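Residue numbering for the sequence shown follows my numbering, starting at 19 and increasing by one per position.
Beta carbons are placed, not taken as given, at the ideal position from N, Cα and C, and that holds for glycine.
In this text, all values refer to a predicted model and were calculated from it rather than measured experimentally.
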Amino acid sequence: MTTISRLRIGIAGLGRLGRRHAENLARRVPRAELLAACSPVEAELAWAKQDLGVATLYGDYHDLLADARVDAVFLVTPTSLHAEQIVQALQAGKHVFCEKPLSLDLADCRRVEELAAAHPRLKVMIGYGRRFDPSYRDAYDKVRAGMIGKPFLVRSQNLDMNDPSGFFVRFAPTSGGIFLDCTVHDIDLARWLLGDPEPVRVFATGVIALHEGLREFGDVDNGVATCEFADGQMACFYASRTMAHGHETSTEIFGTHGRLTVGQNPRLNRVDIADAHGVRNECTPTFYERFEEAFLREATHFVDAVLDDRAPLLTLHDATEATRIALALRESLQTRRVIEL
Ligand SMILES: NC(=O)c1ccc[n+]([C@@H]2O[C@H](COP(=O)([O-])OP(=O)(O)OC[C@H]3O[C@@H](n4cnc5c(N)ncnc54)[C@H](O)[C@@H]3O)[C@@H](O)[C@H]2O)c1
């Protein structure tokens, strides 16, 4: 147990998601203090100062790490930077929360795992936040309690609303492509819900339905995949960047005595509209509206795990496995072959 009552955090990355984490850490996570923020972008630092009252601002990540008052870093930076920034943080004696995925490179994942094992006092957690969503947590508890018998299939999808401005194309050079950026969440869910089975082979395919600019990165805007596990369990995944209705994450878990479904209707709220067009509801526009509660619970879990010296729910090995399977899906997509793991 540490003796400090609040964890002093420095956040790196204040973009699309970093701002949300920063707001939670500054205002909503009970035992956190957002002490410092780091970004190479002046306007992002000005926002942290004016809107959140963060007093200590750094343009360079190394300066953040050199700040002895900082107990932990929150990394919400481009995926291509994660592994090296985690390594540097551990070497500087900081606890680390880092957004998913851990890395786009398996050797880097293993290097981080090894270094973390050599620093057992420091906590490291990767942000597979679906596990902290109350509905996914409830489904997990029901599976573990035996409500659907032995689970044998997870069918899970992560669908984003189409962005005509081509954001996904600009994001493609650092995101790793649709399977490493989106399907990693479903892969992590499948492993978690099925009880951490060993993957044996995968097959993936995909199409470019709208965004031709993805072609030069070997990426697609709609991808489908299957994964077979060692003891006969299976997973099917679908990821899309071209939906008309909004963001939809939904998952079915089939067992020998029943099925659980999470998020089948991606409703924004409990209002149903009945009019001349029929009966319908509005949809969550982005992942954040759907998982706002999960992001808050995830950050609270990490802060509590550090302050109470408990192992976080998610291990680095879980994050390595998600990258390993997602890399195999990308290889299958690009080679059109079954990939053995
Ligand atoms: N868990 C989820 O559901 C989820 C959702 C979206 C994004 N993400 C992950 O979050 C990460 C960030 O995604 P985003 O959409 O916010 O990206 P973004 O491009 O909007 O933001 C990246 C931020 O990193 C900053 N940055 C760049 N280089 C830096 C450096 N060397 N040091 C410090 N800051 C630096 C940028 O200024 C920017 O503020 C990605 O790894 C992504 O996979 C996770």
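| query | result |
| --- | --- |
| Rounded separation between Tyr146 and Gly194 - CA only | 16 Å |
| Proximity winner among Thr192, Ala135, Ile343, His263, relative to Leu334 (alpha-carbon distances) | Ala135 |
| CB contact flag (Leu325, Phe150, <9 Å) | no |
| Cβ-heavy atom distance, Tyr79 to ligand 1, below 8 Å | yes |
| CB of Ile205 within 9 Å of CB of Ala248, strictly | no |
| Cβ separation of Leu25 and Arg49, assumed to be a contact under 8 Å, to the nearest whole Å | 6 Å |
| C-alpha distance - Ala61 paired with Lys67, whole-angstrom precision | 10 Å |
| beta-carbon Val161 near ligand 1 non-hydrogen atom, thresh 8 Å | no |
| Proximity winner among Phe272, Ala101, Cys200, Leu278, relative to Ser153 (alpha-carbon distances) | Leu278 |
| As assigned by DSSP and simplified to three states, the class of Ala190 | helix |
| Beta-carbon gap between Ala262 and Gly231 smaller than 9 Å | no |
| Validate contact between the stretch 116-135 and the stretch 153-170 using beta carbons, cut 8 Å, 3 pairs | no |
| Of the listed residues Leu53, Ala344, Val142, nearest to Val220 (C-alpha basis) | Ala344 |
| 8 Å contact criterion, which Asn180 and Thr260 should meet: CB distance rounded | 5 Å |
| Ser8 - DSSP class collapsed to helix/strand/coil | Residue coverage of the chain in this structure runs from 19 to 359, which leaves residue 8 outside it and unanswerable. |
| Assigned secondary structure, Val324 (DSSP; H/G/I helix, E/B strand, else coil) | helix |
| Nearest to Glu300 (by Cα), restricted to the options Pro284, Ala64, Arg139, Phe309 | Pro284 |
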